[in-house]
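Trainee:
Chains as they are written, first to last, in the numbering used here: chain D, 76 to 188; chain F, 11 to 117.
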């Protein structure tokens, strides 16, 4: 298995632009998590899905952030419009529901200028 | 409330030293992860523990369920061990992260 695949690895965009981050979980995993990592706040859970259904989105900072999981093998995190304070590394992770074992993607480093 | 507390926040060592990073956690956490992140790098899972002790090379992780405490040990530390080490507790549905320990090992 290629692991959790995130794209792009790096994204630089101008303030106000729409940004879409993508994640392919490990085949067979049915739980998917989006995290944001910054120097100030460390790793924060933004949202997670079980069986493609959003379970807890209380970590999504504001309405500019949205996440979808249209099928078991793909999820997106969208920021519209982006702001400089959204600059961070965004990680995706997957697991089996109820399992304590997680696999992380390599992350997307987002810079909003 | 589920919590994970990690110490120290920063740690410096000379090459060859024995290193210990500690993690305490609250009720509701069924397993403990130790994660490693090199500067600018991704997150690598080193260990997942629900009891006892695990060893991989120079890394050893232990957990005491009664005391709700886990430790990560690095023997014969090396500059390439310089990274952030993160303790994370697994609840039934998600991970709760510690604040991380930034380790620097000098030659």
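Glycine included, C-beta positions come from ideal geometry on N, C-alpha and C. Treat the numbers as computed from the prediction; the structure is a model and nothing was measured.
#1: Within 10 angstroms of its Cβ, does residue 179(D) collect 16 or more other Cβ (buried), or is it exposed?
#2: Residue 159(D) by DSSP, collapsed to three states: which one?
#3: Starting from the beta carbon of residue 181(D), find every residue of chain F whose beta carbon is closer than 7 Å, and list them in chain order.
#4: Go ahead and pull the three-state DSSP assignment for residue 84(D).
#5: Alpha carbons only, please: which of 136(D), 131(D), 148(D) and 166(D) is nearest the one belonging to residue 96(D)?
#6: Indicate whether at least one CB of chain D lies closer than 8 Å to the CB of residue 26(F).
#7: Mapping DSSP to helix, strand and coil, what is residue 131(D)?
#8: For residue 86(F), does the count of other Cβ atoms within 10 angstroms reach 16, so buried, or fall short, so exposed?
#9: Consider the Cβ of residue 105(F): report whether some Cβ of chain D lies at a distance smaller than 8 Å.
#10: Quick one: Cα of residue 38(F) to Cα of residue 89(D), how far?
#11: When the cut-off is 8 Å and only beta carbons count, does residue 120(D) lie next to chain F?
#12: Residue 40(F) versus chain D: which residues are under 8 Å apart at the beta carbon?
#13: Does DSSP put residue 89(F) in a helix, in a strand, or in coil?
#14: Quick check: is the beta carbon of residue 103(D) nearer than 8 Å to any beta carbon in chain F?
#15: Quick check for students: name the residue ranges of the alpha helix (DSSP H) that lie wholly in the segment 47-83 of chain F, counting only runs of 4 or more.
#16: Verify the CB distance criterion: does residue 165(D) have a CB-CB separation below 8 Å to chain F?
#17: Between residue 108(D) and chain F, is there a C-beta pair that is closer than 8 Å?
Mentor: If we stick to the structure as given:
#1: Buried, by the Cβ-count rule.
#2: Correct three-state label for residue 159(D): helix.
#3: The answer, in chain order, is 52.
#4: Residue 84(D) falls in the coil class under three-state DSSP.
#5: Among 136(D), 131(D), 148(D) and 166(D), the Cα nearest to that of residue 96(D) belongs to 166(D).
#6: Residue 26(F) does not count as touching chain D.
#7: The three-state secondary structure of residue 131(D), taken from DSSP, is strand.
#8: With fewer than 16 other Cβ atoms from the protein chains shown falling within 10 Å of its own Cβ, residue 86(F) counts as exposed.
#9: Interface residue, yes.
#10: Computed Cα separation, rounded: 42 Å.
#11: Taking 8 Å as the threshold, the shortest C-beta distance from residue 120(D) to chain F falls below it.
#12: Ordered by position in chain D, the residues that pass the 8 Å Cβ test against residue 40(F) are 175.
#13: Helix.
#14: At a cut-off of 8 Å between C-beta atoms, residue 103(D) does not count as an interface residue with respect to chain F.
#15: With a minimum length of 4 residues, no continuous alpha helix (DSSP H) run stays inside the segment 47-83 of chain F.
#16: Chain F, which has no Cβ nearer than 8 Å to the Cβ of residue 165(D), makes this no.
#17: Cβ-Cβ to chain F under 8 Å: yes for residue 108(D).
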